[in-house]
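Enquirer: Mapping of the sequence shown onto numbering that gives the first Met the number 0: residues 0 to 496, in sequence order. Beta carbons are placed, not taken as given, at the ideal position from N, Cα and C, and that holds for glycine. What you are looking at is a predicted structure, and each value in this text was computed from that prediction instead of being measured. A single structure is presented below for examination.
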Amino acid sequence: MLGTLDGPPARTRPVPDAAFLARLRALLPADAVLTARADCIAYECDGLPMHRQVPDVVVLPRSEAEVAAVLRMCHAAGVPVVTRGAGTGLSGGALPVAGAVLLVLARMDRLLHLDPQARVAVVEPGVRNLAVSEAAAAHGLYYAPDPSSQIACSIGGNVAENAGGVHCLKYGLTVHNLLGLRALTCAGELLELGGLAPDAPGYDLRALLTGSEGMLAVVTQASLRLLPRPACTAVLLAAFDAVAAAGAAVGEIIAAGIVPAGLEMMDRLAIAAAEAYVGAGYPQAEALLLVELDGVEEEVEAAVAQVLAVLARCGARDCRRARDADERARFWAGRKAAFPAVGRLSPDYYCMDGSIPRAQLPRVLEGIAALAQAHGLRVANVFHAGDGNLHPLILYDASVPGQLRQAEALGARILELCIAAGGSITGEHGVGVEKLDQMCVQFDAAELECFHAIKAAFDPRGLLNPGKAVPTLRRCAEGGRMHVHAGSLPHPHLPRF
């Protein structure tokens with residue numbers, strides 16, 4: 000049965016007992032095994048704090064050999080393992096599981112090799128995203144995926160979630176910039192996937208592991224593609240008096256054959272919060288677009304003229320071009336700081352992550368506004384407009400009875416709105432524990448069975464990150480959730496597509 004592939008319920012799993020912990024301590028240095036509640040509570044959640052579970056034991060290996068030893072021991076004892084990086088994930092993918100070992104890879108933070116001629120960096124999973132570009136800068140190179148948390152998030156977590164960022168429109172997600180992986184199965188067996196040759200034979204298991212949320216294997220090393228810094232960069236800012244007009248402009252820019260390096264959008268609430276937080280120089284507006292164009296100077300200047308014409312035709316006002324590198328940095332600083340900035344508007348906020356076809360941006364934004372009104376909550380919209388990846392931020396106050404439940408309900412309806420528009424419940428944050436019910440809405444029974452079959456091929460005992468990302472058919476049936484095709488109407492407040 001499908002349900003058995005998730006493994007038995009957490010309460011029936013073997014609990015790490017004194018004998019198990021003694022053997023674990025014999026494998027690792029004294030400071031690498033934590034069991035005291037005061038030490039473990041720091042790992043009780045990731046960036047989705049509404050779900051918490053203090054781990055029973057935390058291990059912090061420093062090498063691939065130590066990771067392999069821990070996995071072999073847990074596999075033999077039937078003890079599940081949850082892998083964690085920097086803990087910046089936003090879907091509960093690194094949430095501890097009762098009775099499991101929490102395997103934290105933050106100490107594996109070495110940049111092992113940087114080859115500027117081959118344009119490749121080989122890193123351990125705990126290396127910070129931004130640290131790769133910092134190390135490559137001396138050679139005129141950088142690592143393209145740049146999630147907003149890049150100052151803290153780790154490469155291992157980026158691989159687990161297939162992270163993107165503001166420049167993913169032109170330069171791709173993690174999977175497009177990942178050349179090879181070393182990973183360990185739940186039994187501690189080494190897998191070497193991908194490589195420098197783009198036409199390597201066989202199945203692309205490197206891509207399969209990317210975005211698998213720690214359910215298939217544990218990444219211990221990644222080979223990353225580095226890119227040369229563009230010769231010329233221009234950043235345009237455009238203000239709009241209507242959110243729908245800004246959404247329409249996004250589609251018009253792409254339809255003109257222009258692929259910006261970044262194409263970001265913020266609404267009125269997010270603009271005001273970001274401006275108050277960092278002083279980026281944003282005007283007051285209902286919506287703001289940031290458009291980055293790069294390449295050789297002649298190419299960039301031609302694209303700037305085209306984009307400015309499109310923006311004017313779509314009703315933009317206060318169009319500006321950043322005058323220098325400092326102003327470009329300020330424009331982007333506002334966007335990158337939008338999430339923490341929104342924290343000034345409300346005691347709590349809930350960050351969603353859905354993807355839609357670009358052509359549906361105006362109608363989906365109207366739908367989000369209608370849903371927010373129906374649930375009595377405010378929503379600040381910040382997203383990667385160029386590839387249709389939405390990040391609505393639902394503002395609420397957890398101290399007010401019922402508001403957290405309302406925020407979660409609104410988030411679920413927004414994700415179902417994305418499905419109804421022909422999109423997906425996630426663009427880069429993953430499913431984790433947050434979106435299990437919406438997985439039932441997006442995928443039918445045959446597709447879920449396929450996901451479980453892949454999981455069973457890598458992890459037949461269901462020991463890696465159990466209960467995450469892929470729901471059982473029983474959960475979908477008991478929750479009364481049914482697969483919804485694009486064009487259906489899953490909620491009375493959603494527009495019909």
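Does the Cβ-Cβ distance between L226 and R118 come in under 9 Å?
Expert: Here the question's residue 226 lines up with position 227 in the sequence shown. Here the question's residue 118 lines up with position 119 in the sequence shown. Contact flag set, yes.
Enquirer: With a threshold of 16 other CB atoms inside 10 Å of the CB of D114, please say whether the residue is buried or exposed.
Expert: In the sequence shown, the residue the question calls residue 114 occupies position 115. Counting Cβ neighbours within 10 Å, D114 comes out exposed, since fewer than 16 surround it.
Enquirer: Do A105 and R83 have their C-beta atoms closer together than 9 Å?
Expert: What you label residue 105 is simply residue 106 of the sequence shown in a count that begins at 1. What you label residue 83 is simply residue 84 of the sequence shown in a count that begins at 1. Cβ distance < 9 Å, so A105 and R83 count as in contact.
Enquirer: Take every Cβ of the stretch 286-295, pair it with every Cβ of the stretch 256-263, and state whether three or more of those distances are shorter than 8 Å.
Expert: With a cut-off of 8 Å on Cβ pairs, the stretch 286-295 is in contact with the stretch 256-263, counting three or more such pairs.
Enquirer: Given that a residue counts as buried once 16 or more other Cβ atoms are within 10 Å of its Cβ, and exposed if not, what is R412?
Expert: On the sequence shown, position 413 is the one that residue 412 refers to. By the 10 Å Cβ count, R412 comes out buried.
Enquirer: Our contact map puts A237 next to A379 with C-beta atoms below 8 Å; I'd like the distance itself, whole angstroms only.
Expert: Taking the first residue of the sequence shown as position 1, residue 237 is located at position 238. Taking the first residue of the sequence shown as position 1, residue 379 is located at position 380. A237 to A379, Cβ: 19 Å. No contact.
Enquirer: What are the start and end residues of the beta strand (DSSP E) that includes E263?
Expert: Here residue 263 refers to the residue found at position 264 when the sequence shown is read from its first residue. Start and end: G261 to D266.
Enquirer: State the Cα-Cα distance for the pair G155 and S211, rounded to the nearest angstrom.
Expert: The residue you call residue 155 lines up with position 156 of the sequence shown. The residue you call residue 211 lines up with position 212 of the sequence shown. If I take the Cα positions, the gap works out to 11 Å.
Enquirer: Using 8 Å for Cβ pairs, my map puts G410 next to G92. What's the rounded Cβ distance?
Expert: Within the sequence shown, residue 410 is the residue found at index 411, counting from 1. Within the sequence shown, residue 92 is the residue found at index 93, counting from 1. About 16 Å; that fails the 8 Å criterion.
Enquirer: If we count the other Cβ atoms within 10 Å of its Cβ and call it buried at 16 or more, is L111 buried or exposed?
Expert: Translated into positions along the sequence shown, residue 111 becomes position 112. So L111 counts as exposed.
Enquirer: Helix, strand or coil for Y142? Go by DSSP, reduced to three states.
Expert: Reading the sequence shown from its first residue, position 143 is the one you call residue 142. It is coil, neither helix nor strand.
Enquirer: What runs of the beta strand (DSSP E), each 3 residues or longer, lie entirely inside the stretch 312-353?
Expert: 316-320 and 347-350
Enquirer: Do L414 and V381 have their beta-carbon atoms positioned less than 9 Å apart in this structure?
Expert: In the sequence shown, the residue the question calls residue 381 occupies position 382. In the sequence shown, the residue the question calls residue 414 occupies position 415. In this structure, L414 does not lie closer than 9 Å to V381 by Cβ.
Enquirer: Could you check which residue in Y276, E326, R460 and V242 has the C-alpha nearest to that of A384?
Expert: Residue mapping note: residue 384 aligns to position 385 of the sequence shown, counting from 1. Closest by alpha carbon: V242.
Enquirer: State whether the stretch 393-401 contacts the stretch 327-334, with contact taken as three or more CB pairs (one from each stretch) at a distance under 8 Å.
Expert: no
Enquirer: Cβ of M107 within 9 Å of Cβ of T219?
Expert: Counting from 1 along the sequence shown, the entry for residue 107 is found at position 108. Counting from 1 along the sequence shown, the entry for residue 219 is found at position 220. Contact: yes.
Enquirer: Helix or strand or just coil, what does DSSP make of A371?
Expert: Numbered from its first residue, the sequence shown carries residue 371 at position 372. Helix, per DSSP.
Enquirer: Looking at the unbroken alpha helix (DSSP H) that takes in G77, where does it start and where does it end?
Expert: For this step, residue 77 is matched to residue 78 along the sequence shown. Where G77 is concerned, there is no enclosing alpha helix (DSSP H), given that its DSSP letter is neither H nor E.
Enquirer: Is it the case that the Cβ atoms of I253 and G353 are separated by a distance below 9 Å?
Expert: Stepping through the sequence shown from its first residue, residue 253 is reached at position 254. Stepping through the sequence shown from its first residue, residue 353 is reached at position 354. One thing to note: I253 has its Cβ no nearer than 9 Å to the Cβ of G353.
Enquirer: Pick from A67, P465, F19 and G478: whose alpha carbon is nearest that of V96?
Expert: Start at 1 with the first residue of the sequence shown, and residue 96 comes out as number 97. Comparing Cα-Cα distances from V96 to each of A67, P465, F19 and G478, the minimum goes to P465.
Enquirer: How is the alpha helix (DSSP H) around D114 delimited, first residue to last?
Expert: The count along the sequence shown starts at 1 and reaches residue 114 at position 115. Run containing D114: none in the alpha helix (DSSP H); it sits in the beta strand (DSSP E), L110 to D114.
Enquirer: Provide the residue span of the beta strand (DSSP E) that contains D293, from first to last.
Expert: Looking up residue 293 in the sequence shown gives position 294. Counting along the chain, the beta strand (DSSP E) containing D293 begins and ends at A286 to G294.
Enquirer: Anyone know if the C-beta pair for D55 and P28 falls short of 9 Å?
Expert: Translated into positions along the sequence shown, residue 55 becomes position 56. Translated into positions along the sequence shown, residue 28 becomes position 29. No.
Enquirer: Could you name each continuous alpha helix (DSSP H) segment of 4 residues or more that falls completely within the stretch 230-255, going from the start of the chain to the end?
Expert: 242-254
Enquirer: If you run the structure through DSSP and keep just helix, strand and coil, what is Q52?
Expert: Against the sequence shown, residue 52 aligns to sequence position 53. Coil.
Enquirer: In three-state DSSP terms, what is L1?
Expert: Taking the first residue of the sequence shown as 1, we reach residue 1 at position 2. With a pLDDT of 34 at L1, under the threshold of 50, the predicted position of this residue should be treated as unreliable, though the coordinate-derived value follows. The answer is helix: DSSP assigns L1 an H, G or I state.
Enquirer: DSSP on P491, reduced to helix/strand/coil?
Expert: Reading the sequence shown from its first residue, position 492 is the one you call residue 491. Low confidence applies here, because P491 scores a pLDDT of 47, under 50, leaving its location unreliable and the question unanswered by this model.
Enquirer: Can you give the Cα-Cα distance for G98 and P124, rounded to whole angstroms?
Expert: Residue 98 sits at position 99 when you count from the first residue of the sequence shown. Residue 124 sits at position 125 when you count from the first residue of the sequence shown. Taking the straight line from one Cα to the other gives about 24 Å.
Enquirer: Pull up the distance between the alpha-carbon of Y348 and that of F338, whole angstroms please.
Expert: Along the sequence shown, one-based indexing puts residue 348 at 349. Along the sequence shown, one-based indexing puts residue 338 at 339. Straight-line Cα distance between these residues: approximately 9 Å.
Enquirer: Given that a residue counts as buried once 16 or more other Cβ atoms are within 10 Å of its Cβ, and exposed if not, what is Y141?
Expert: For the purposes of this step, residue 141 is taken as the residue at position 142 of the sequence shown. Buried, by the Cβ-count rule.
Enquirer: Rounding to the nearest angstrom, what Cα-Cα distance links L462 and A135 in this structure?
Expert: Position 463 of the sequence shown, counted from the first residue, corresponds to residue 462. Position 136 of the sequence shown, counted from the first residue, corresponds to residue 135. Distance between the alpha carbons of L462 and A135: 37 Å.
Enquirer: Identify which residue in A340, L435, E285 and A247 has its Cα closest to the Cα of Q359.
Expert: The count along the sequence shown starts at 1 and reaches residue 359 at position 360. For Q359, the nearest C-alpha among the options comes from A247.
Enquirer: Drop a sphere of 10 angstroms on the beta-carbon of L189, count the other beta-carbons inside from all chains shown, and report buried for 16 or more, exposed for fewer.
Expert: Reading the sequence shown from its first residue, position 190 is the one you call residue 189. Exposed is the call here.
Enquirer: Going by CA-CA distance only, name the one from I355, R357, P361 and E407 that's closest to L376.
Expert: Within the sequence shown, numbered from 1, the residue matching residue 376 stands at position 377. Comparing Cα positions, the closest option is E407.
Enquirer: If I'm right that V126 touches L102 with Cβ under 8 Å, what's the distance once you round it to whole angstroms?
Expert: Here the question's residue 126 lines up with position 127 in the sequence shown. Here the question's residue 102 lines up with position 103 in the sequence shown. The pair is not a contact, with the Cβ atoms about 17 Å apart (cut-off 8 Å).
Enquirer: Can you find a CB in chain C that lies within less than 9 Å of the CB of I393?
Expert: Included in the structure is just one protein chain, with no chain C present.
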